[in-house]
Amino acid sequence: MIELIAQNPFLASLLALVGLGLVFGALLGFAAVKFKTEGDPIADQIESLLPQTQCGQCGYPGCRPYAQAIADGDDINKCPPGGEATISALADLLGVEAKPLDAAEEAVPSVAFIREAECIGCTKCIQACPVDAILGSAKHMHTVIASECTGCDLCVEPCPVDCIDMLPIETSLQTWHWDKPKPPEDLIASDRGTPQQSGANA
Amino acid sequence: MRKIWDIHGGIHPAENKHQSLLNPIENAGIPAQLILPLAQHIGAPASPIVNVGDRVLKGQMIAEAKGFVSAPVHAPTSGTIAAIESRVIPHPSGMTASCIVIDTDGKDEWITHQGVKDYTQLSKLELVDRIRQAGIAGMGGAGFPAAVKLSTRDDKPIETLILNGTECEPYITADDILMRERAAEIIAGAEILRHIIKPNKETLIGVEDNKPEGIAALKKAAEGTGIEIVVFPTKYPSGGEKQLIQILTGKEVPAGGLPSDVGIVCQNIGTATAIYRAIQFGEPLISRITTITGEACERPQNYEVLLGTPVQYLLNKSGFNKENCIRLIMGGPMMGYTLQDTAVPIVKTSNCVLAPTVAELPPPPPAQACIRCGMCAEACPVSLLPQQMYWFARAQEHEKLENHQLFDCIECGACSFVCPSNIPLVQYYRASKAEIRQAQQDKIKSERSKERFEARTARLEQEEAEKEAKRAARMEAAKAKAAAAANAAETSKTDIIQAAIERSKAKQAESADPAQAAIARAQAKRDGGAEEESPQEKTERLQKLLAGAEKRLVAAKEKLALAQEQQSDNADAFATAVSKTEEKLASIKQELAAHEATLAPAKTPAPSTDSTDPAQAAIARALAKRAGAGADESTEDKTTRLQNAIATTEKRLVAAQQKLTLAQEQNDANVGAFATGVEKTQAKLDAAKKELADHQATLGANDTAEQVASDDPVQAAIERAKAAREAQANMSEADKIKQNIESLENRIAKSKEKLEAARAAGDDKADILADSLAKLEEKLAAAQQQLS
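Listed in order, the protein sequences are those of chains A and B.
Numbered as in our numbering, the first sequence ends at 886 without a single skipped number.
Numbered as in our numbering, the second sequence ends at 1949 without a single skipped number.
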């Protein structure tokens, strides 16, 4: 047998290659089973970047499904509450080009407010709230737990008496902060043609 | 001479301190209105303890500390509370916050207050509490409550107590003039602090060398106290807490740490004075020294100002020229902020109001591109890389900013000061810090939202699953039911038989019931003692029953005639029904007669008459009813019952006759009644005897038929049916027919017997029996034909 192989270098190399293939194939197969990752790590990472408003403005029922959709190849520019910041973070993570937001404007952070005198206690908003931030029971006035409200405005539409307003969150002394200075003007005439590039790309 | 360390970087801006040092401290006096923000310190805002309209005295607490890191607020002079409302406060945002507004009365009337004669007798806790109650917050600029800083823990021994008299910012001279004029108070305050903190190494007062007069005064006051006045070269920003610690001790406070981590406590000299006054005289913090300076003011000056004094009031005193002023700055030119409103009050942290002219502090020239010269990095006292952070701040790279220790930046503004491109670097850092904090908060909130969303989803899923489970259970139950029904259909025959057995048993139980029930009813009646049914009513009832029975008898006879005409199989049944109805009718008649008979003696007052006992009567009635129900009463039972009835009636007759003779002997008035009673009883006895005779006569006729019927007819029938079915199941066609013939022959034999008996008794049934016999014989002939 050995002599036969020694006599035929073609056969010898064939056997060696097939043997190697089998060994590594078995190794890889074993590794695939042994080190199998649970869930979808990319979707998890994407989800951690999304604002968790659960508003469904992306067309998916919540942030997790949208994260899964992005992981499966959907666009990254469908999240108005996240805005440009989320898009650029997603672009960084996924190594794709950042796109302009798929909406007219970024959603202003807001909080739902129930005009309690007008509330009829129908509980429809309670059922609509994705984060259980509305308190109340049937035929009793409801109210929003402002600190838990994500401002998704899913409760506005089901209200039969239109007593829910989305109020923009006002800055208080505690939340006030300095703004960034305006980007410097371009003093050199030849720079002024490309106003977009004067900032971060300088 | 002790060793002086140096800090990295630093700058030397124009000092401009001399303008406000020309005159000594002037008391600013009492303005018409004082505005006291509830948050003049770092930490939780104080909470008001006065109401609008209350009169308050100088030094009276008007808002109490809310929490550990907080400080109370006191009335700086006497007056009335005009309002507790939102007013513009000294803050870079120019926003409003709740303030207590006092209308002063000019009397400046003190509340009773008392100092401590010998503070060395008091414990650390008592002293710290007095400092807390005095509302003292750091007066150098940050406004950290002094009592919190002094509440050092024993596990972190303090080596050095440092008093900060650096005052490195240009223009500000509040501490300088304090040192010059009130050096003794500073030293006294330092001694109190030393007593509280008990530093195991030294107590230092750090002063920059640009305040020679202050240094001289301090040194003089500190003689013999062991407090060392350390003088070091002027450089901005040596006055920062961490920078001063490094200059004086060479120790660096770790990033994110506190001075106590390296065994040091640092207080401003203004704070030390306030502590001295609080301990020595019991005076809370109600005034401070504030510098009003800048070329837009004619008379730059240091004022002893009541807290809450509007800035406008001080500017007016200093000859403020609004036209010349480019902007009003609270604090120094390096770290201060622009005031948008001159109505804002002086608070515990306000050390300077700067009103510069355009020439003095020109607006910053437009920022240009960063040329990466690196001067900012050289100037940074914290050894950061400002230009790198600038790029990261512009590109929103928060992670990299944090990696470059953005949060160690003290926002001193040295980098902006040296930048040749006039880039407002500090503003980028301030904004970026805020953005990062905001992002962290958003992150926390989004985590929370996610948690809540997931909890809700899980809850909904569980509810859905529970519903689904219930639905499945219902479906399962329905299926089981259907299967059971199918099974039942298969075994329906046995079931029907079973059901029939049950029905018949129930019937038996029922038929025994009426008599029992009647007895029970009667006994209940007797127990109740009330004779609910009067004799008249009873008569009526019995007559009604009689009428009903007669009607039924007529109907039954009609039916029987009809059935016989049509040769129906039911004729037999109708015949028995007619005979039973007749029996019933007879019994009702009898009862009615008996009742009428008892009615007469019952009318007599004689209590000894048995028949008045309602229970007896009821039992008799019940027995009669049972006799009427008759169907299930066996013939033997009937015979014995009748014989018993006869015996009892005979006894009663004897008794009645005895009574009658007794009554006749005594010539009783009731003799007539007793006589009729005897007659009636005699009649009853006759009737009973007749009935017994009748019964015995019919007994012979019905013997065979009723024998079978009385022996639980249903059970027997079922037994027979079962046996027949079992036999049929195992038999061939011929066998079945043979069996059939046999049974027919049996039935014919029986029918013949019956017929003979009926004929012997001269019964109506004889014809019917003859008919049915003929039919059976026909059937037998047919079956025999089939077999052959």
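Ideal Cβ positions, reconstructed from N, Cα and C, are used throughout, including at glycine.
Residue of the options minimising C-alpha distance to residue i
i: Glu1957 (chain B); options: B:Glu1563, B:Val1587, B:Ala1616 and B:Pro1581; result: No answer is possible for residue 1957 (chain B): it lies beyond the span of chain B, which begins at 1162 and ends at 1949.
i: Leu1148 (chain B); options: B:Gln1825, B:Gly1833, B:Gln1827 and B:Ala1817; result: The structure shown has nothing for residue 1148 (chain B), since chain B only spans 1162 to 1949.
i: Ala1298 (chain B); options: B:Asn1429, B:Thr1241 and B:Glu1852; result: B:Asn1429
i: Ala1576 (chain B); options: B:Ser1904, B:Glu1539 and B:Gln1566; result: One detail in the question is off: residue 1576 (chain B) reads as Cys in this sequence, not Ala. Residue B:Glu1539 is the option with its Cα nearest to Cys1576 (chain B).
i: Leu1468 (chain B); options: B:Ile1453, B:Ile1507, B:Thr1434 and B:Arg1438; result: B:Ile1507
i: Pro1172 (chain B); options: B:Ile1357, B:Gly1400 and B:Leu1286; result: The question names Pro, but residue 1172 (chain B) in the sequence shown is Ile. Closest by alpha carbon: B:Gly1400.
i: Ile1447 (chain B); options: B:Ser1912, B:Ala1189 and B:Ala1736; result: B:Ala1189
i: Gly779 (chain A); options: A:Ile760, A:Val792, A:Ile686 and A:Gln691; result: A:Ile760
i: Leu1475 (chain B); options: B:Leu1218, B:Ala1439 and B:Asn1512; result: B:Asn1512
CA-to-CA distance, residue j to residue i, given in whole angstroms
i: Pro1461 (chain B); j: Glu1270 (chain B); result: 30 Å
i: Ser794 (chain A); j: Ala817 (chain A); result: 14 Å
i: Met1495 (chain B); j: Ile1487 (chain B); result: 16 Å
i: Gln1557 (chain B); j: Ser1593 (chain B); result: 8 Å
i: Met1300 (chain B); j: Pro1581 (chain B); result: 34 Å
i: Thr1765 (chain B); j: Leu1823 (chain B); result: Any reading at Thr1765 (chain B) is ruled out, since the residue's pLDDT is 46, under 50, leaving its predicted position unreliable.
i: Leu1714 (chain B); j: Arg1702 (chain B); result: 18 Å
i: Gly1417 (chain B); j: Ile1186 (chain B); result: 38 Å
i: Tyr1589 (chain B); j: His826 (chain A); result: 43 Å
i: Pro1585 (chain B); j: Arg1555 (chain B); result: 12 Å
i: Gly1267 (chain B); j: Cys739 (chain A); result: 60 Å
i: Cys806 (chain A); j: Lys823 (chain A); result: 6 Å
i: Asn1477 (chain B); j: Asn1463 (chain B); result: 14 Å
i: Ala1870 (chain B); j: Ala1634 (chain B); result: For Ala1870 (chain B), the pLDDT reaches just 46, beneath the cut-off of 50, and the residue's location in the model is therefore unreliable, although a value from the coordinates is still provided. Approximately 50 Å, taken between the alpha carbons.
i: Ala1351 (chain B); j: Pro1192 (chain B); result: 32 Å
i: Cys1537 (chain B); j: Gln1441 (chain B); result: 46 Å
i: Pro1398 (chain B); j: Asp1167 (chain B); result: 11 Å
i: Asp1733 (chain B); j: Asp1932 (chain B); result: 11 Å
i: Ala1382 (chain B); j: Ile1532 (chain B); result: 51 Å
i: Ala1935 (chain B); j: Leu1721 (chain B); result: 19 Å
i: Thr1313 (chain B); j: Glu802 (chain A); result: 55 Å
i: Pro867 (chain A); j: Gly1387 (chain B); result: 54 Å
i: Glu1625 (chain B); j: Cys763 (chain A); result: 29 Å
Helix, strand or coil at residue i according to DSSP, with G and I counted as helix
i: Asp1264 (chain B); result: strand
i: Pro749 (chain A); result: helix
i: Glu1328 (chain B); result: coil
i: Cys1537 (chain B); result: helix
i: Ser874 (chain A); result: helix
i: Leu1721 (chain B); result: helix
i: Asp1771 (chain B); result: Model confidence at Asp1771 (chain B) stands at a pLDDT of 46, short of 50, so the residue's coordinates are unreliable and nothing is read from them.
i: Met850 (chain A); result: strand
i: Ala884 (chain A); result: Per-residue confidence for Ala884 (chain A) stands at a pLDDT of 43, beneath the threshold of 50, marking its modelled position as unreliable; the derived number appears in the next sentence. In this structure, Ala884 (chain A) counts as coil in the three-state DSSP scheme.
i: Trp1552 (chain B); result: helix
i: Val1973 (chain B); result: Chain B is shown from 1162 up to 1949; residue 1973 (chain B) falls before or after that span and cannot be answered.
i: Arg799 (chain A); result: coil
i: Ser1247 (chain B); result: strand
i: Arg1449 (chain B); result: strand
i: Leu1468 (chain B); result: coil
i: Val1230 (chain B); result: coil
i: Ala817 (chain A); result: coil
i: Ile1390 (chain B); result: strand
Cβ shell of residue i (< 6 Å), same chain only, five flanking positions each side left out
i: Asn1485 (chain B); result: Ala1457 and Thr1518
Residues near residue i by beta carbon distance below 8 Å, same chain, minus five either side
i: Ser1231 (chain B); result: His1202, Gly1204, Ala1205, Pro1206, Ala1207 and Pro1306
i: Glu1246 (chain B); result: Ser1259, Cys1260 and Val1262
i: Gly1535 (chain B); result: Gln1548
i: Leu1930 (chain B); result: Ser1912, Lys1915, Leu1916 and Ala1919
Closer than 9 Å at the beta carbon, the chain E residues around residue i
i: Arg1533 (chain B); result: Judged by its chain identifiers, the structure shown contains no chain E, and its protein chains are A and B.
Cutoff 7 Å; reference residue i; Cβ partners in own chain excluding five residues on either side
i: His1856 (chain B); result: Lys1799, Thr1800 and Leu1803
i: Ala1516 (chain B); result: Gly1455, Ala1457, Cys1458, Leu1476, Phe1481, Cys1486 and Leu1489
Evaluate the contact criterion for the stretch 1607-1619 of chain B versus the stretch 727-744 of chain A: three or more CB pairs, one atom per stretch, below 8 Å. Yes, since at least three Cβ pairs between the stretch 1607-1619 of chain B and the stretch 727-744 of chain A fall closer than 8 Å, the two stretches touch.
Would you call the stretch 788-802 of chain A in contact with the stretch 836-852 of chain A, where contact means no fewer than 3 C-beta pairs closer than 8 Å? Touching, per the Cβ criterion.
Counting Cβ pairs closer than 8 Å, one from the stretch 778-790 of chain A and one from the stretch 834-843 of chain A, do we hit at least three? The stretch 778-790 of chain A, when compared against the stretch 834-843 of chain A, does not touch it at the 8 Å Cβ threshold.
Meets three-Cβ-pair contact criterion under 8 Å: the stretch 1520-1527 of chain B and the stretch 1497-1506 of chain B: These segments do not touch.
Check whether the stretch 1309-1328 of chain B touches the stretch 1358-1365 of chain B, counting contact only when three or more Cβ pairs, one atom from each stretch, lie closer than 8 Å. They touch, by the three-pair rule.
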